[in-house]
Amino acid sequence: MAKKELIYGCMGLGGNWDDSPITSKDREVAEKAVEAALDAGITYFDHADIYTLGKAERVFGELLKHNAGLRSKITIQSKAGICIRKGASSNIYNNSKDYLIQQVEEILHRLQLNYLDVFMVHRPDPLMHPAEVADAFRTLKNEGKVKEFGVSNMSIHQIRAIQKHCDDPLVANQIELSLAHSLPVDSGVLVNRENRQGFNGVEGLITYMQEHQMAIQAYSALAGGRYTGNLNTRSEEDKQTIDLLRQTADRYETTPSSILLAWLFQLPGTVQPIIGTTNPDRIRTCKDAVNIELTREDWYNLWIAARGESIP
């Protein structure tokens with residue numbers, strides 16, 4: 005069985021998404037969040053070049069500099085390919101070889117590192133040449149700047165196109181996946197049935213990644229607090245799911261957050277849920293997830309409740 009591993013998502017570190025400088029408060033928030041993650045047994049940290057416009061990586065790099073020995077105990081990954089506000093009132097994408105290599109060099113500078121454990125292409129780029137992406141990966145590995153590679157938000161066909169040209173297997177695909185956003189799971193049971201939603205390229209994705217031993221890195225794993233926030237602000241459907249979630253957590257003597265993450269861990273293959281909160285207490289509520297094995301009935305009951313309708 006694959007090792008159960010949580011990832012701490014560093015998207016919220018570094019302050020605001022603007023050009024303001026990193027403050028002492030921002031440093032304190034980052035330090036306490038990383039400390040809580042480590043206390044919860046998390047040793048995998050996820051970045052991207054765009055997170056708080058590079059400040060997330062800079063503040064994390066400062067932490068590494070002032071904590072001798074920490075680097076050797078953790079896994080660090082980052083992503084690139086999204087160009088913030090470079091289009092007409094929009095972000096654009098750039099997965100060209102030169103851009104990806106340049107971004108990795110800047111990422112390493114901000115993190116004050118010599119190499120990344122994992123580097124990912126952040127989004128599919130319609131102008132992307134898969135062989136060029138693979139060539140960027142090859143160059144970065146040969147230069148010792150990245151050990152392993154993955155993708156994010158990609159379909160089976162896009163993964164295949166890149167993998168065809170790669171020397172090494174892609175290790176992960178980072179996608180949105182949670183009890184509240186279960187499209188990749190839903191697509192697997194609605195075979196040959198009418199449904200009210202398209203699946204946007206995720207049909208068969210879980211099975212494909214299991215077959216090719218790629219990890220699913222599930223971002224928004226806690227659905228932005230949808231099932232752990234203020235009950236009074238929720239829809240009736242969500243209230244029913246929250247009630248069931250709390251009852252389940254009580255029976256397993258744990259927290260609702262740990263149950264939500266355990267639900268993801270139950271999926272076949274390797275699933276690595278990503279926790280994005282900067283609240284130390286909320287981070288620590290997730291620590292039990294790796295030790296929980298839900299019954300089949302509990303897993304299905306939560307899924308069906310969140311769907312708001314029965315399965316076929």
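Numbering of the sequence shown is given in our numbering, commencing with residue 5 and proceeding in unit increments. Think of the CB as a built atom: it goes at the ideal place given N, C-alpha and C, for glycine as much as any other residue.
Item, Value
"According to DSSP, residues forming a beta bridge with N20", "Looking at the DSSP assignment, N20 forms no beta bridge with any residue, so it has no partner."
"Touching by the beta-carbon criterion (3+ pairs, under 8 angstroms), the region 240-257 and the region 222-229", "no"
"Reference L187; option with closest CA among D172, V206, D171 and C170", "V206"
"Own chain residues within Cβ distance below 7 angstroms of Y256, not counting five before or after", "I263 and I296"
"Identity of the residue in P284, G229 and A184 nearest R311 by Cα", "A184"
"Outcome for H126 when other beta-carbon atoms lying within 10 angstroms are tallied against a minimum of 16", "buried"
"For G13 and K59, believed in contact at Cβ under 8 angstroms, the rounded distance", "Going by Cβ atoms, the distance from K59 to G13 rounds to 15 angstroms, so no, they are not a contact pair."
"C-beta contact flag for A34 and L17 at 7 angstroms", "yes"
"Rounded straight-line distance, which links the Cα of L74 to that of N157", "30 angstroms"
"Start-to-end residues for the beta strand (DSSP E) that takes in T47", "Neither: T47 is in no beta strand (DSSP E) and is coded neither H nor E."
"A219 - partner residues in DSSP beta bridges", "A176"
"Per DSSP, cross-strand counterpart(s) of S156", "Q178"
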